[in-house]
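Accompanying notes for the structure given below.
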Amino acid sequence: MQTIDNRALSQGSRYGQATSTGSSNGSTRNTTTQNNSSLNKQGSYNGGFGQGSEEIMNMIQGLLGQFEGKGSGNGSGGNTNTGYNKPADNNSGSSNTNTGWNNGNSGWGNDGGWNNGNSGWGNDGGWNNGNSGWGNDGGWNNGNSGWGNDGGWNNGKSCWGNNTGNPTKPKPGEYRSIDGTGNNLKNPELGSADQAEIRIMPVDTSREPGGTTFNNLPSPREVSNAVSAQEGSTTNSKGLSDMFWVWGQFLDHDITLVHTTADEYENIAIPSPDPYFDPNGTGTATMGFTRSAYELDANGQRQQINSITSFIDGSNVYGSDEATADSLRAHEGGKMIMNGGELMPEDATGQYMAGDVRANENPALTSMHTLWVREHNRIADELAQQHPEWSDEQLYQEARKTNVAQIQAITYNEFLPALVGEDAIADYKGYDPNVDPTISNEFAAAIYRLGHTMLSPNLLRLDENGETIPEGNLALRDSFFNPSAVSEAGIDPILRGAATQTAQAVDTMIVDDVRNFLFGQPGEGGFDLASLNIQRGRDHGLPGYNDAREAMGLSRIESFDDPIWRDGVGAKLAQVYNSPDDVDLWVAGLAEKETGDSLVGELSTAVLVDQFTRLRDGDRFWYENQFSGQQLRELNNLQLSDIIKRNTDIQNIQDEVMVAPTANQENQPTTPPTQQPGQHGTGSGNTPYNSTFPGFNRGGSQTNGAFPSMMQNRFFMLNPQQIFNFQQAFWKGHLG
């Protein structure tokens, strides 16, 4: 089945330059004899932004204005009897009843649709040659109609089935579902919540717990001690800021969440002696690990379940089920609930409520969640002013639509070029219903966990002068599930700090705060994130290094002396693995040297490019498939700093907040430069600029200042409430 590229319609390039000169038999938009209309009974476009109003109507009028031979006669354009008429036999372009858009009964149809008559694009196979849309040999419709009676592309017999809607573009007024169903009209479950992750590599059951290979692999903690222990600071090669990994984590929580089973454990053996987890050398210590929830496929193999939508659809903000989404809404003015308009609502335990259960994992992540809820409400307020007749539901959905578009644009235009390189992901060619956007197991359980290596041992909290706030900076180990770090000083100091501090390198090493003190002291709630990642890959049956490379079309690596490994890493791997075949996927993906301008090596880059290409091309509601013209240009020029400036009081911040302004100089405080005049208004985001995008006003200022400072390490144990909050989240599978 051929996929039709609809971008030309939205841009006016395919139809806008056609003419209606015709001969005695009519023009290319001419006669059919059937009573089955192409583009039938869709109804006129109305409403506004997202309902196809001004942008679409202007586009249509512009297209039709380029056709020669408009008719008037019995009513042109939107009247009952005639459309835009061609010159007839006498070449007069006035009152011909039979031609133009339709040689049947109408142009825009009795009810305002494209055509309520016979319609078509001519006898040689235009919109309708008898029973078909693009001709007798198939295309849009080999059946009876184009826009069916219920507003779908087809209400008759077509290659796309009955009443399915346009297979490549959302209909006017159509919004993505909360749970992701219905995005793909042929396969409505693709990418939706509670679906098994797909595999892009063969499953290796021998590496799963109990398998022959599993029993011969080194303990994950042994691997962690050999290759993941970090001493000192190792900042990344591109000078990326902490904001980069904050965005990466925020994005991760939009697309993947695998819960764990209730009672299936595969605890991690601790090699003796271990200075943190077995300091007394008992040889019996273990680290708790719960296996992932799964379903069995036709071959009896475990396939883990992604409990949230795969799509980049803001599910971390809005939820992946109707109950969650409904609980977060104010049900007034299209807005979401916020305490005092500043912070997200709290649950009974004092944790912030969001679309994703992990929003409280660390204060930087919580701040990002808060930022996007504020942005939703800001857009809803602007839309309500522009369209006072809109309902709460319409305002909510339109604000959500714009918000999600912004998240997508920032991800693909700012985040991914820094991650995999400017040209790694091919240009967008339009939605493809044959592309499966579902998250791959290899991506979620291994490769995309690269951000864990970028964490710094502290989170900066800075004031407008770049100085540490009176409440102090935060040790990462003290920050988990600690919402008071946000409530006591707000999100501004945290966002300033994240945009200022240079993130750690993408490599096999991670800081002690998450390798030895994740969620507390060893023996008192502490875990090793590297060990958890390695064990998770084995739990999921992910293949070893060389099988993974082969699956991605890459050559096998036979030696730990191969130059593909990062400096010194091959020797470390040789201490614990018998051969490159055995190396766990999470470790291997980080152990390779960077390729090109990617932050990671060949294998990781291949998996990342695969996933992010499918997430884009397999999403019918992708922003480039919904927006066009000036709106699309503004989305593509958007930066995360714009969102920050609109929704905070931050005035001095660099445009590219994912790049540290003064990389590798955290100990060198500087004074931020004076705000330049005429730059975006005043922090709170209330000063509009000349935009055609509803809800797309910018606020704040932009400078290239830097605010580095270094925190004093403040170590203290998690309090009982924090431990309880962590345990509740961890054992429900929200972590690890």
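full-length UniProt numbering puts the first residue of the sequence shown at 1, with every later residue one more than the last. Beta carbons: idealized from backbone N, C-alpha and C, even for Gly.
For glutamate 295, there is no enclosing alpha helix (DSSP H); the residue is part of the beta strand (DSSP E) that begins and ends at 294-296. Pairing histidine 376 with arginine 400 gives a Cβ-Cβ distance under 8 Å.
Going by DSSP, threonine 261 is part of the beta strand (DSSP E) stretching over 260-265. Isoleucine 305 carries a strand assignment under DSSP once its states are collapsed to helix, strand and coil. Isoleucine 491 carries a coil assignment under DSSP once its states are collapsed to helix, strand and coil.
Under the rule that a run must span 4 or more residues, the alpha helix (DSSP H) segments found entirely inside the stretch 404-487 read 416-420, 441-445 and 484-487. In the three-state reduction of the DSSP assignment, tyrosine 352 falls in the strand class.
For threonine 605, same chain residues with a beta-carbon under 7 Å away, outside a window of 5 residues either side, are Val420, Ala424, Thr595 and Ser598 in chain order. Here leucine 603 has Ala548, Arg549, Met552, Leu554, Ala588, Gly589 and Glu592 as same chain residues with Cβ atoms under 7 Å from its own Cβ, once five neighbours each way along the sequence are excluded. Methionine 287 carries a strand assignment under DSSP once its states are collapsed to helix, strand and coil. Per DSSP, reduced to three states, the secondary structure at methionine 336 is strand. Judged by beta-carbon spacing, asparagine 187 lies beyond the 8 Å limit of tyrosine 431, meaning their Cβ atoms are not closer than that value.
Counting C-beta atoms within 10 angstroms of its own C-beta, proline 470 has fewer than 16 neighbours from the protein chains shown and is therefore classed as exposed.
Three or more beta-carbon pairs drawn from the stretch 299-306 and the stretch 535-542 are found closer than 8 Å, and the two stretches are therefore classed as touching.
Closest in C-alpha terms to glycine 341, from the list Trp372, Gln351 and Ala364, comes Trp372. Arginine 291 sits close to threonine 260, with the two beta carbons spaced by under 8 Å. Pairing alanine 193 with aspartate 204 gives a Cβ-Cβ distance that is not under 8 Å. Here the stretch 475-491 makes contact with the stretch 347-356; the two share three or more CB pairs at distances below 8 Å. Taking a contact as a CB-CB distance under 8 Å, the pair threonine 438 and serine 307 does not count as one, their CB atoms being some 13 Å apart.
For serine 555, the three-state secondary structure derived from DSSP is coil. For alanine 229, the secondary structure class from DSSP, reduced to helix, strand or coil, is strand. The Cβ-Cβ distance between alanine 409 and tyrosine 623 falls below 8 Å. Apart from sequence neighbours up to five positions away, the residues of its chain that approach methionine 287 with a beta-carbon distance below 7 Å are Arg221, Asn267, Ile268, Ile270, Phe277, Phe527, Asp528 and Ser531, ordered along the chain. Comparing C-alpha distances from phenylalanine 415 to each of Ile557, Asp252, Glu332 and Trp586 shows the shortest one belongs to Asp252. When secondary structure is reduced to three states using DSSP, tryptophan 565 falls in the strand class. In the structure shown, serine 315 adopts helical secondary structure according to DSSP, grouped into three states. For asparagine 636, the enclosing alpha helix (DSSP H) starts and ends at 629-636.
Between tryptophan 245 and methionine 454, the beta carbon gap of about 4 Å places them in contact (Cβ cut-off 8 Å). Bridge pairing for glutamate 592: Trp565 [DSSP]. The Cβ-Cβ distance between alanine 380 and leucine 365 does not fall below 8 Å. Around the beta carbon of alanine 660, a 10 Å sphere encloses 16 or more other beta carbons of the protein chains shown; the residue is thus reported as buried. Between glutamate 361 and methionine 243, the alpha-carbon positions lie close to 15 Å from each other. Of Ala444, Leu640 and Lys572, the smallest CA-CA separation from aspartate 507 is found for Lys572.
Here serine 228 is buried, its C-beta having at least 16 other C-beta atoms within 10 Å. For glutamate 656, the three-state secondary structure derived from DSSP is coil.
For arginine 616, the uninterrupted alpha helix (DSSP H) run begins and ends at 602-617, by DSSP.
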